[in-house]
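The next block holds one structure in the form of structure tokens; read it before the comments.
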Amino acid sequence: MATNRESALDHENELCEAPWSRKDLLELGSAIVADAERKSLVVAAAMFLRGQRVFQVGLEGTSSDNDSWIMRKVNTVALTGHSSLALRENVEALNIQEEDLGFRTSDLAVCGGGFPLKTNGVLVGIAVVSGLPHLDDHDLIVEHLRLL
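Heads up: take any position in the sequence shown, counting from 1, add 1021, and you land on our numbering.
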């Protein structure tokens, strides 16, 4: 990770806490998709609230592979309570391999694109983007969380 880049945990501290509602997640997902369309990005975006998928769109060029990555990113955030990029940063900081984490990584995503949404410190939602290089997936979510 570049030293001038904010960490995933910095982004979480800034953006994850709010009284998240279904309306908020629909707005977030719609904004990400509209921006991606304007920029001709090939992404799938999904929003989950209290375990329920409340939004998902796969733009032209995405496939069921993106759906698999979405679920891997959801699993990662649900397991760790942090963004999937935070797990990647931890793996890199510890200089270990994904296989050394102590759990089955085939169902997880050790990369950016899954972001926790918390209310009073409790994980209540997850925002996910899949389709871009993993840092760009993460940054697209962060960009739109900052605009809410």
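A virtual CB, placed ideally from N, CA and C, is assigned to each residue, including glycine.
Beta-carbon proximity check, residue i vs residue j, cutoff 8 angstroms
{"i": "Asn1096", "j": "Asp1056", "result": "no"}
{"i": "Ala1066", "j": "Ser1105", "result": "no"}
{"i": "Gly1134", "j": "Ser1151", "result": "yes"}
{"i": "Leu1153", "j": "Leu1062", "result": "yes"}
{"i": "Glu1038", "j": "Lys1139", "result": "yes"}
{"i": "His1155", "j": "Ile1053", "result": "no"}
DSSP state of residue i mapped onto helix, strand, coil
{"i": "Gly1102", "result": "coil"}
{"i": "Val1131", "result": "coil"}
{"i": "Glu1038", "result": "strand"}
{"i": "Glu988", "result": "The displayed coordinates of the chain run from 1022 to 1169. Any statement about residue 988 would go beyond what the structure contains."}
{"i": "Ile1053", "result": "helix"}
{"i": "Thr1097", "result": "helix"}
For residue i, the residue or residues it bridges with in DSSP
{"i": "Pro1137", "result": "Ile1147"}
{"i": "Gln1077", "result": "Ala1067"}
Counted within 10 angstroms of its Cβ, other Cβ atoms place residue i as buried (16 or more) or exposed
{"i": "Thr1024", "result": "For Thr1024, the predicted model reports a pLDDT of 44, less than 50, meaning its position is unreliable; a value from the coordinates is still stated below. Exposed, since its Cβ has fewer than 16 Cβ neighbours within 10 Å."}
{"i": "Gly1142", "result": "exposed"}
{"i": "Met1022", "result": "Its pLDDT being 37, under 50, Met1022 is placed unreliably in this model, and the value from its coordinates should be taken loosely. Exposed, by the Cβ-count rule."}
{"i": "Pro1137", "result": "buried"}
{"i": "Arg1109", "result": "buried"}
{"i": "Asn1034", "result": "exposed"}
{"i": "Leu1161", "result": "buried"}
{"i": "Asn1116", "result": "exposed"}
{"i": "Arg1093", "result": "buried"}
### Message
Measuring CB atoms only, is the region 1031-1050 touching the region 1066-1085, in the sense that at least three cross pairs come out at less than 8 angstroms?
### Response
Contact holds: three or more Cβ-Cβ distances are below 8 angstroms.
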